[in-house]
Amino acid sequence: GENVEQHPSTLSVQEGDSAVIKCTYSDSASNYFPWYKQELGKRPQLIIDIRSNVGEKKDQRIAVTLNKTAKHFSLHITETQPEDSAVYFCAASRGANNDMRFGAGTRLTVKP
Amino acid sequence: EAEVAQSPRYKITEKSQAVAFWCDPISGHATLYWYRQILGQGPELLVQFQDESVVDDSQLPKDRFSAERLKGVDSTLKIQPAELGDSAMYLCASSAGRTSSYNEQFFGPGTRLTVL
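Residue numbers (our numbering), protein chains in the order written: chain A, 1 to 112; chain B, 1 to 116.
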């Protein structure tokens, strides 16, 4: 089955700096890679996702890149703000009706 | 905006007791998932339903856990008997499934279970 590894487990940056979180996956058939943000005590919420037919996707300060050959994908957050502080999870799945495997999470702290 | 509903939000029980969690997915979502999230870890899939049928329950501890989605809408997850190691957040999620090629999932607020 799919195995997703995520690094780093914790990340601390100064406000305004960039943050990068990296994930690798094992199943070459995986074709959908979402990123979820989970604030303390709240539900995971989708912040951005990427399909295997594109290499990069950007939404304002958030971008995700995918390298299918190397089987890794990354989340980039620019101009970080204190409200970006949360746990971020990457995940991978083989599309509809297939289960999604999550990484262990990265706790991001943005210091004002 | 439609959301996934779960109840109860918190549950405290003693070991060997039975507990049950309820989930109501977003209307029209064919696929429903139950996850367990241990503090400091990512969600781990327990069971996945497509309508009323189980698609994947390979990681469900079937000796004590059971799940059903009888009419293909809401779902119940049961643990009997509960053990200390079952303390965790139980998250329900739903996705459009059939009508979408990709698996965007929407999560409920979760049920935090504490087993004493």
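For each residue, glycine too, the CB sits at the ideal point set by N, CA and C.
What you are looking at is a predicted structure, and each value in this text was computed from that prediction instead of being measured.
For residue i, decide whether its Cβ has a neighbour in chain A, counting only Cβ atoms nearer than 9 Å.
i               : result
E44 of chain B  : yes
G110 of chain B : yes
G40 of chain B  : yes
L91 of chain B  : yes
Q105 of chain B : yes
Looking at the secondary structure, which residues open and close the beta strand (DSSP E) in which residue i lies?
i               : result
N3 of chain A   : Note, N3 of chain A: premise wrong, no beta strand (DSSP E); not H, not E.
M117 of chain B : Within the shown structure, residues of chain B are numbered from 1 to 116, placing residue 117 of chain B beyond reach of any answer.
T65 of chain A  : I62 to N67
P113 of chain A : Because chain A is modelled from 1 through 112, residue 113 of chain A falls outside the range shown and cannot be assessed.
V54 of chain B  : S53 to D56
E104 of chain B : Per DSSP, E104 of chain B belongs to no beta strand (DSSP E) and is neither H nor E.
I38 of chain B  : Segment: none, I38 of chain B is in no beta strand (DSSP E) and carries neither H nor E.
A5 of chain B   : A5 to S7
R107 of chain A : T106 to K111
E14 of chain B  : Neither: E14 of chain B is in no beta strand (DSSP E) and is coded neither H nor E.
T10 of chain A  : T10 to Q14
Taking only three categories from DSSP, how would you classify residue i?
i               : result
L46 of chain A  : strand
D63 of chain B  : coil
T99 of chain B  : A caution first: T99 of chain B carries a pLDDT of 49, below 50, which makes its placement in the model unreliable, though a value can still be read off. Correct three-state label for T99 of chain B: helix.
E83 of chain A  : helix
L84 of chain B  : helix
I21 of chain A  : strand
T114 of chain B : strand
H29 of chain B  : coil
L70 of chain B  : coil
K57 of chain A  : strand
R51 of chain A  : strand
F89 of chain A  : strand
S74 of chain A  : strand
R101 of chain A : strand
Is the shortest distance between the beta-carbon of residue i and the beta-carbons of chain B less than 9 Å?
i               : result
Q113 of chain A : Because chain A in this structure spans residues 1 to 112, residue 113 of chain A falls outside the shown range and cannot be described.
D99 of chain A  : yes
L11 of chain A  : no
K42 of chain A  : yes
A145 of chain A : Nothing can be reported for residue 145 of chain A, as the shown portion of chain A is limited to 1 through 112.
F102 of chain A : yes
D49 of chain A  : yes
P112 of chain A : no
Q14 of chain A  : no
P34 of chain A  : yes
L66 of chain A  : no
F73 of chain A  : no
A113 of chain A : Outside the displayed range of chain A (1 to 112) lies residue 113 of chain A, so it cannot be described from this structure.
L46 of chain A  : yes
G105 of chain A : yes
Next on the checklist: Can you pull out the residues from the region 44 to 77 of chain B whose beta carbon lies closer than 9 Å to at least one beta carbon of chain A?
Outcome noted: Listed by position, the residues of the region 44 to 77 of chain B near chain A (Cβ gap below 9 Å) are E44, L45, Q48, Q50, V55, D56, S58 and Q59.
Next on the checklist: Check whether the region 105 to 112 of chain A and the region 5 to 23 of chain A are in contact - that is, three or more C-beta pairs closer than 8 Å.
Outcome noted: yes
Checklist entry - Do three or more CB pairs link the region 14 to 28 of chain B to the region 29 to 45 of chain A at distances below 8 Å? => result Taking a contact to require three or more Cβ pairs closer than 8 Å, the region 14 to 28 of chain B and the region 29 to 45 of chain A do not qualify as touching.
Checklist entry - Any contact of the region 43 to 63 of chain B with the region 56 to 63 of chain A, i.e. 3+ C-beta pairs under 8 Å? => result With contact defined as three or more Cβ pairs closer than 8 Å, the region 43 to 63 of chain B and the region 56 to 63 of chain A are not in contact.
Item to check | contact_flag[the region 24 to 39 of chain B, the region 80 to 95 of chain A] where n(CB pairs < 8 Å) is 3 or more | outcome: no
Checklist entry - Three or more C-beta pairs closer than 8 Å, one from the region 82 to 93 of chain B and one from the region 107 to 114 of chain B: is that the case here? => result yes
Checklist entry - Below 8 Å, can you find three or more Cβ-Cβ pairs linking the region 66 to 79 of chain A to the region 5 to 14 of chain B? => result no
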